[in-house]
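**Student:** Each step along the sequence shown adds one to the number in this note's numbering, with nothing skipped, and position 113 is 145.
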Amino acid sequence: MNEMKSIQLYKSLTEKLDAHEVKVLNKYNVHIRCRKGCADCCILESVFPVDAYVIYNAVLSGDILRENLGFDETPGRCVFLDKGLCSIYNVRPVICRTHGYPVFVEGRTDFCPENFKDLKSLDSEFILDLENLNKALASINIIFQREIEEGEIFLKERITLRELKGYILENA
Ligand code: SF4
Numbered sequence: 033m034n035e036m037k038s039i040q041l042y043k044s045l046t047e048k049l050d051a052h053e054v055k056v057l058n059k060y061n062v063h064i065r066c067r068k069g070c071a072d073c074c075i076l077e078s079v080f081p082v083d084a085y086v087i088y089n090a091v092l093s094g095d096i097l098r099e100n101l102g103f104d105e106t107p108g109r110c111v112f113l114d115k116g117l118c119s120i121y122n123v124r125p126v127i128c129r130t131h132g133y134p135v136f137v138e139g140r141t142d143f144c145p146e147n148f149k150d151l152k153s154l155d156s157e158f159i160l161d162l163e164n165l166n167k168a169l170a171s172i173n174i175i176f177q178r179e180i181e182e183g184e185i186f187l188k189e190r191i192t193l194r195e196l197k198g199y200i201l202e203n204a
């Protein structure tokens, strides 16, 4: 089956985002304390349907095994965490790919307080405009919702990760 245009656009967006984060890491390596096992940012509750579909499809296609999905039920923590690690890392939502790194949002630069502690300023080319990113994702989501042919859940405005996990366990 041909891949939907919206999913191609989504993958291209995540590739660009990942390349940006590598660029930030290369430039500021010693100032970044993000590490495997730190899940302080993993408090995400809901995502755009297109993010949800990519995760669902990864389980449906066998890229992620159902039995390997996280089972963290701690209130306030993402349901896809498994012993502090993201169980869907390769297909994690767009917003998760910005975790910890510098973003410009609501008129100011924000990042994990553990990072960039000894720096007075950051070069603007390494600061991601979160509103632009959200606009790009929202546009892709509109195309996705026009293209998707089945799965009522994917027509909602937002999907909670808890709801998505339940849907995956029932349908994938
Ligand atoms: S999907 Fe993965 S990276 Fe995103 S909040 Fe959940 S565990 Fe963290």
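Glycine included, each C-beta is placed from N, C-alpha and C at the ideal position.
Helix, strand or coil: which one does DSSP assign to residue 118?
**Tutor:** Reduced to three states, the DSSP call for residue 118 is strand.
**Student:** Starting from residue 135, follow its DSSP beta bridges and name the residues at the other end.
**Tutor:** 142 and 160.
**Student:** When every heavy atom of ligand 1 is checked, does at least one fall within less than 8 Å of the C-beta of residue 52?
**Tutor:** No; taking the cut-off as 8 Å, the Cβ of residue 52 has no heavy atom of ligand 1 nearer than that.
**Student:** Does at least one heavy atom of ligand 1 sit under 8 Å from the Cβ of residue 110?
**Tutor:** Yes; taking the cut-off as 8 Å, the Cβ of residue 110 has a heavy atom of ligand 1 nearer than that.
**Student:** Roughly how many angstroms lie between the CA atoms of residue 87 and residue 66, to the nearest whole one?
**Tutor:** Approximately 23 Å between the Cα atoms of the pair.
**Student:** Check whether the stretch 41-48 and the stretch 95-103 touch, using three or more Cβ-Cβ pairs below 8 Å as the test.
**Tutor:** Too few Cβ pairs lie closer than 8 Å, so no.
**Student:** Can you give me the Cβ contacts of residue 139 inside the same chain, cut-off strictly under 6 Å, excluding the 5 residues immediately before and after it?
**Tutor:** Around residue 139: no qualifying Cβ.
**Student:** Go through its chain and collect everything with a Cβ distance to residue 42's Cβ below 7 Å, but skip five positions before and after it.
**Tutor:** Taken in chain order, the residues that qualify are 82, 86 and 172.
**Student:** Per DSSP, what kind of secondary structure is residue 192 in: helix, strand or coil?
**Tutor:** DSSP places residue 192 in strand when its eight states are reduced to three.
**Student:** Does DSSP put residue 44 in a helix, in a strand, or in coil?
**Tutor:** Three-state result, residue 44: helix.
**Student:** Would residue 75 pass as a contact of residue 110 if the rule is Cβ separation under 9 Å?
**Tutor:** Yes. Within cutoff.
**Student:** For the stretch 124-135 against the stretch 146-165, are there 3 or more C-beta pairs whose distance is under 8 Å?
**Tutor:** Result yes; three or more Cβ-Cβ pairs closer than 8 Å.
**Student:** If distances are taken between C-alpha atoms only, which option among 112, 192, 203 and 80 comes closest to residue 182?
**Tutor:** Checked all of 112, 192, 203 and 80; the closest Cα to residue 182 is 203.
**Student:** Measure how close the beta-carbons of residue 84 and residue 186 come, nearest whole angstrom, since I'm counting them as under 8 Å.
**Tutor:** Yes, they are in contact, since the Cβ atoms of residue 84 and residue 186 sit about 7 Å apart, within 8 Å.
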